[in-house]
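One line per chain: the protein sequences are Y and H, in this order.
Heads up: the first sequence runs through residues 60 to 284, numbered per the numbering used here.
Heads up: the second sequence runs through residues 60 to 284, numbered per the numbering used here.
Structure record follows, encoded as structure tokens.
Number of protein chains: 2
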Amino acid sequence: MDDRMLQPSGSAGSMVYQRLKQQIVSLELPPGTSLSEKETSLAFEVSRTPVRESFVRLAQEGLVLVLPQRGTRVSLIDSEQVEEARFMREQLEKAVVRLACGAFPEERLAALEHNLEQQREAIQRQDSKNMFELDEEFHRILFDGCRKSGTWNVIQQMNAHFNRTRILWLWTDPHWELLYEQHRQMFLAIKQQQADQAERIMMEHMRLSIANLPVLKERYPEYFK
Amino acid sequence: MDDRMLQPSGSAGSMVYQRLKQQIVSLELPPGTSLSEKETSLAFEVSRTPVRESFVRLAQEGLVLVLPQRGTRVSLIDSEQVEEARFMREQLEKAVVRLACGAFPEERLAALEHNLEQQREAIQRQDSKNMFELDEEFHRILFDGCRKSGTWNVIQQMNAHFNRTRILWLWTDPHWELLYEQHRQMFLAIKQQQADQAERIMMEHMRLSIANLPVLKERYPEYFK
DNA sequence: GGTTCCATACTACCATACAAGTATGGGAGT
DNA sequence: ACTCCCATACTTGTATGGTAGTATGGAACC
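Written out as structure tokens, the structure reads:
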């Protein structure tokens, strides 16, 4: 667990890719930041080849924009793509949580409960970073329990823009308690197999994250397209 | 210079990527085919670098499997991923066709109608390849008309396995007339804004494509995981 | 002052050489 | 005949030099 922080996984290319992705999604590398193969290769102490490989992968996910012979930049947040990602997640999460109400492995249900406890602790510690990770983890467990983990991975690819706005909003207005409460209610609904109830909460949960996008565009105009 | 590049989308890397992807999805390169950077670079008359770049992108989409220091091969079709892709498409296409029944640009509606005409002609010509393309195009127009083209692109990434089974099934049982009829009925439902009707047809349309996956696994066992 | 042109310093793209891991086939030893 | 070992020919991973396209700043000119 600690080792992956130092040397994430396998090849140098994968390492650079994972580190850059984490830095971009966490806004440590703000939208619009210009990168370059050479500069990045120096920073990570590898050659340009694995850096270039990571750029290709990041570009495919829309996290960076490569302009041939001109440069590479962290992509700006595109409001339309944010809305699309939210739409996509709403549809799929609704369907998944409904599946979960029909059948959900006992072990995964326990994992959800454990995750909820961790969320409560993270909120008490005011640990936003951990809280965000646990939020992601909660939904991942949902998909995994329904044997739809591949779907979750695909969602992740489009979530680049969506997640960054979520982080921005949580900077301006930490509303972890509400998110926690929604997670808890979803857990109960699944446990009691109340599909309609679960789907309704999930819908609110998803729409919550998008409500005031205009506010964010005004507060952080340089981050948006 | 290089007239053989019929679709020279910019860089050599992109060219190789597009060509390989097309060959893989169309089963021209069957699942399990082993590739190699060197061999491919010779075939496309480029160096290993752009080939490697294309491999990275294809691997990210799950179209090829790269085993470090061992080789690269076209990925086998994974039944679970096929089912997941179908699930994903069903949820998203249902939601989109419902949106379309609420509001759909006149111009896009005309595009659908034109597409239907082309489908009929392709069926008469027994042009399976064109028919498949028109099928894809039909659904793409749907997403595009609802301003969800980004969603369609993400779907495409997971569709690698799903599409290959669809092609396999169409090899064994060409049922273009039924697909055309479903497309036509969806078009009518959208035009008359009958959301429930449209959603129902779309659901049947999606489930049709998956019905007899066991038959395919028996007929083409070497293509499946 | 304002415009044009060009040297320069970038950039990503590509080709190539080398490094390191892996499968394989043949020969030595038993 | 069978096992083990190792040379060898693969594979992908990495480093690096060169190429072509692009932005930029300053000089020359109007």
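Virtual Cβ for every residue (Gly too), placed ideally from N, Cα, C.
- With contact defined as three or more Cβ pairs closer than 8 Å, the region 262-280 of chain Y and the region 78-87 of chain H are not in contact.
- Taking Y:Q251 as the centre and dropping the five residues before and after it, the same chain places no C-beta closer than 6 Å to its C-beta.
- Within 10 angstroms of the beta-carbon of H:K284 lie fewer than 16 other beta-carbons, which makes it exposed.
- Residues of chain H with a Cβ closer than 7 Å to the Cβ of Y:L124 do not exist; the shortest Cβ-Cβ separation is about 14 Å.
- Less than 8 Å divides the Cβ of Y:E120 from the Cβ of Y:A219.
- Each of H:E104, H:E87 and H:A154 was checked against the Cα of H:M262, and the nearest Cα belongs to H:A154.
- The criterion of a C-beta distance shorter than 8 Å is satisfied by Y:F221 and Y:R145.
- Non-local C-beta neighbours of H:Q177 in its own chain, meaning closer than 7 Å and more than five positions away in sequence, comprise L193, ordered along the chain.
- Going by C-alpha positions, H:D255 is about 24 Å away from Y:C160.
- When C-alpha distances from Y:H198 are compared across Y:E87, Y:T99 and Y:I249, the shortest belongs to Y:I249.
- Under the three-state reduction of DSSP output, H:L88 falls in the coil class, being neither helix nor strand.
- Against H:M261, chain Y offers no close residue; the least beta-carbon distance is about 13 Å (beta-carbon pairs closer than 9 Å).
- The beta-carbon of Y:E112 is placed less than 8 Å from the nearest beta-carbon of chain H.
- Interface residue (Cβ-Cβ distance to chain Y less than 8 Å): H:S70 is classified as such.
- Per DSSP, Y:G130 lies in no alpha helix (DSSP H) segment; the continuous beta strand (DSSP E) that holds it begins and ends at G130 to V133.
- When 7 Å is used as the limit between beta carbons, H:R116 is near these residues of chain Y: V115 and Q119, in chain order.
- One Cα belongs to H:F114, the other to Y:G72, and the distance between them is close to 13 Å.
- Under the Cβ distance rule, Y:A170 does not count among the residues neighbouring chain H, no pair being separated by less than 8 Å.
- For H:L117, same chain residues with a beta-carbon under 8 Å away, outside a window of 5 residues either side, are Y76, L79, K80, I83 and V123 in chain order.
- Between the alpha carbons of H:P127 and Y:T92 lies a gap of roughly 32 Å.
- DSSP places H:L229 in the uninterrupted alpha helix (DSSP H) bounded by S208 to T231.
- Within its own chain, the residues whose Cβ lies closer than 6 Å to the Cβ of Y:F103, once the five positions on either side in sequence are excluded, are V75, listed in chain order.
- Distance from the CA atom of H:R223 to the CA atom of Y:V213, rounded to whole angstroms, is 18 Å.
- Pairing Y:E139 with H:E281, the inter-Cα distance amounts to about 42 Å.
- Within chain Y, no C-beta atom comes nearer than 9 Å to that of H:P109; the closest sits roughly 10 Å away.
- H:V123 has H:V133 as its beta-bridge partners, per DSSP.
- Listed as beta-bridge partners of H:F283 by DSSP are H:I136.
- Residue-level contact by beta carbon fails for Y:G161 and chain H, as no gap is shorter than 8 Å.
- Under the criterion of beta carbons closer than 8 Å, Y:L227 and Y:L275 qualify as touching, at roughly 5 Å.
- Put simply, the backbone Cα of H:E112 is about 20 Å away from that of H:M217.
- Under the Cβ criterion of 8 Å, Y:P127 is counted among the residues facing chain H.
- Cβ contact annotation for Y:I200 (same chain, cutoff 7 Å, sequence separation greater than five): R167, A170, L171 and N174, in chain order.
- Distance from the CA atom of Y:P233 to the CA atom of H:A162, rounded to whole angstroms, is 36 Å.
- Taking the beta carbon of Y:E143 as reference, the chain H residues within 9 Å of it are R206, K207, S208, G209, T210 and V213, listed in sequence order.
- The beta carbon of Y:R148 is closer than 8 Å to those of I214, N218, F221 and M265 in its chain, skipping five residues each way along the sequence.
- Non-local beta-carbon contacts of Y:I182 in its own chain, meaning distances under 7 Å to residues more than five positions away in sequence, involve M190, W235, E236 and Y239 in chain order.
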